[in-house]
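*Asks:*
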Amino acid sequence: MAKPASKSNFVLFDVIYEDGSRRSNRKVPAEILGGLDGDEPARKVIQEQDNEIAKASGKPALPISQILRVGGKKR
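Under our numbering, the residues of the sequence shown are numbered 39 to 113, in order.
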């Protein structure tokens with residue numbers, strides 16, 4: 039018997055930075071999205087992730103130009 043499809047606790051986003059580079063499939067907790075702010079809370083979470091990565095790598099975080107929900111419309 040096949041396993042039932044499980045609901046994901048994350049939403050995936052592609053991130054486009056001001057220098058034109060792109061990072062795909064960044065995970066954001068689904069529970070922070072929706073409501074009046076829509077996907078905007080994802081930007082803060084992704085920026086926090088970028089800051090942690092920058093701290094570990096010793097390279098500065100890039101400014102985010104836009105975020106795109108995977109399979110969604112441009113924001």
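C-beta atoms are modelled at their ideal positions from N, C-alpha and C, and glycine is treated no differently.
Tell me the DSSP bridge mates of D52?
*Replies:* As a working mapping, residue 52 is identified with position 14 in the sequence shown. Looking at the DSSP assignment, D52 forms a beta bridge with L106.
*Asks:* Look at the alpha carbon of S95 and the alpha carbon of N89, and state the distance between them as a whole number of angstroms.
*Replies:* Looking up residue 95 in the sequence shown gives position 57. Looking up residue 89 in the sequence shown gives position 51. Cα-Cα distance, rounded: 10 Å.
*Asks:* Which of the three DSSP states, helix, strand or coil, is assigned to L71?
*Replies:* In the sequence shown, the residue the question calls residue 71 occupies position 33. The answer is coil: DSSP assigns L71 none of H, G, I, E or B.
*Asks:* Please look up how many angstroms separate the CB atoms of I70 and I84, rounded, as I've assumed it's under 8 Å.
*Replies:* Working through the sequence shown from its first residue, we reach residue 70 at position 32. Working through the sequence shown from its first residue, we reach residue 84 at position 46. Not confirmed; about 11 Å, so no contact.
*Asks:* Below 7 Å CB to CB, which residues in the same chain sit around V108 once its five sequence neighbours on both sides are set aside?
*Replies:* Translated into positions along the sequence shown, residue 108 becomes position 70. Only L50, F51, D52 and N63 meet the Cβ criterion.
*Asks:* Between E56, N47 and R60, which has its C-alpha nearest V66's C-alpha?
*Replies:* Residue mapping note: residue 66 aligns to position 28 of the sequence shown, counting from 1. Minimum Cα distance to V66 is reached at N47.
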